[in-house]
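Take the sequence shown: its letters are residues 1 to 280, numbered as in full-length UniProt numbering. C-beta atoms are modelled at their ideal positions from N, C-alpha and C, and glycine is treated no differently.
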Amino acid sequence: MSHIALPLRVATPGGEPVQVAASVDVAVSLDDADARGIHMSRLYLRLQDAFASEAVTPAGLRRVLQSLVDSQEGLSSSARLVLRYDQMLLRPALASGNAGWKRYPVEIEALLEDGHLRLSLAFSVEYSSTCPASAALSRQLNAERFVADFADARPISTSVVGDWLASERGLAATPHAQRSRASVRLQLRPQFEELPLAAMIDALEQRLATPVQTAVKRQDEQAFAALNAANLMFCEDAARRVVSVLAHDPHVERFEAEVAHFESLHPHDAVARVSGSGPR
Numbered sequence: 001m002s003h004i005a006l007p008l009r010v011a012t013p014g015g016e017p018v019q020v021a022a023s024v025d026v027a028v029s030l031d032d033a034d035a036r037g038i039h040m041s042r043l044y045l046r047l048q049d050a051f052a053s054e055a056v057t058p059a060g061l062r063r064v065l066q067s068l069v070d071s072q073e074g075l076s077s078s079a080r081l082v083l084r085y086d087q088m089l090l091r092p093a094l095a096s097g098n099a100g101w102k103r104y105p106v107e108i109e110a111l112l113e114d115g116h117l118r119l120s121l122a123f124s125v126e127y128s129s130t131c132p133a134s135a136a137l138s139r140q141l142n143a144e145r146f147v148a149d150f151a152d153a154r155p156i157s158t159s160v161v162g163d164w165l166a167s168e169r170g171l172a173a174t175p176h177a178q179r180s181r182a183s184v185r186l187q188l189r190p191q192f193e194e195l196p197l198a199a200m201i202d203a204l205e206q207r208l209a210t211p212v213q214t215a216v217k218r219q220d221e222q223a224f225a226a227l228n229a230a231n232l233m234f235c236e237d238a239a240r241r242v243v244s245v246l247a248h249d250p251h252v253e254r255f256e257a258e259v260a261h262f263e264s265l266h267p268h269d270a271v272a273r274v275s276g277s278g279p280r
């Protein structure tokens, strides 16, 4: 059964569960070669009851999956769930003290087979990427204009140079930047009590350093521009930053990630993909 509409209770960073709208897929194995159906209504009713009262956790998912297997009265020995929803997180502005909500699409896949639970967590974060090559070309044009404008100026005072830099003449070119997205899929170690979603989002956004913003005033936008200048990135640079987080997270058994820079220079995207293991 796929795309079942259900409410889920998911944990917030503060620990309090909130209810979200979700789309759920459920499957059980049909082990009897002569059987021609499963008890679908039992699956639906058990799912509806299971997620109504407690937040989604690894232990809770194991209980639900075992309940789904039990509901089939010998027809099934394994079960699979896929939960899709949007996680809302309140994010502070960079400088003004304001805050705004960001939406993170999440997918949790849980499989119970031969008594073993396998968990995967997928989500994505959006950030800004400024091209290092474009930044270098822009600096070159800015330098050439400076030399042309001040070729005959002797001496040059810092106040004059400051005024020139703050004027339109002081910006001959700007590097191209674009909204970008890092999408990750993690195979989790199931022995942990909670799903580490918010902590992982925080860690990736901090490492990428230029997450897209929500509520902004002038000082926030200026701080964002400064972060972009300090974190020039090709897609492969961003991919390596993602790896530096996931490869050291004790929750992670295996990971796959894709970073996509939605180019403002080209009509196509620049994409890098990486995979690896968590710490041993």
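Buried versus exposed, by CB contacts within 10 Å (16 or more), residue i
i    : result
I156 : exposed
H261 : buried
F150 : exposed
Q191 : exposed
S53  : exposed
E109 : buried
Q19  : exposed
L171 : exposed
M1   : exposed
Terminal residues of the beta strand (DSSP E) in which residue i lies
i           : result
Q187        : A177 to L188
D86         : A79 to P92
E236        : From DSSP, E236 is part of no beta strand (DSSP E) but of the alpha helix (DSSP H) over C235 to L246.
E109        : A99 to E113
residue 324 : This structure gives no information on residue 324, because the portion of the chain shown stretches from 1 to 280.
Distance CB(residue i)-CB(residue j) smaller than 7 Å
i           : j    : result
residue 289 : R80  : Absent from the model: residue 289. The displayed extent of the chain is 1 to 280, so no value can be given.
A209        : C235 : no
A238        : G276 : no
V245        : A182 : no
V24         : L43  : no
K188        : F255 : Just to set this straight, residue 188 is Leu in the shown sequence, not Lys. No.
V252        : G278 : yes
A177        : S138 : no
H39         : Q87  : no
A122        : L83  : no
N228        : S134 : no
W101        : L90  : yes
Cβ distance (whole Å) where residue i is taken to contact residue j below 8 Å
i    : j    : result
P58  : L117 : 7 Å
S120 : P105 : So it is not a contact: roughly 14 Å between Cβ atoms.
L30  : S76  : 7 Å
A11  : E194 : 6 Å
V64  : L8   : In fact, because the Cβ distance is near 11 Å, the residues do not count as touching under 8 Å.
Boundaries (first-last residue) of the alpha helix (DSSP H) holding residue i
i    : result
A198 : L197 to L208
P58  : P58 to S71
L43  : M40 to A50
G162 : T158 to A166
R280 : Segment: none, R280 is in no alpha helix (DSSP H) and carries neither H nor E.
R145 : P132 to D149
Q191 : Element bounds for Q191: n/a, residue is neither H nor E.
L232 : Taken as a continuous stretch (DSSP letters only), L232 belongs to no alpha helix (DSSP H), as it is neither H nor E.
**Message:** Does the contact criterion of 3 or more C-beta pairs under 8 Å hold for the stretch 201-219 versus the stretch 134-145?
**Reply:** By the criterion of at least three beta-carbon pairs nearer than 8 Å, the stretch 201-219 is not in contact with the stretch 134-145.
**Asked** Hey, is the stretch 216-231 in contact with the stretch 191-204, meaning 3+ C-beta pairs nearer than 8 Å?
**Response** The stretch 191-204 and the stretch 216-231 do not touch, with fewer than three beta-carbon pairs separated by less than 8 Å.
**Message:** Does the stretch 159-166 come into contact with the stretch 80-98, if we say contact requires no fewer than three beta-carbon pairs (one atom in each stretch) closer than 8 Å?
**Reply:** Not touching, per the Cβ criterion.
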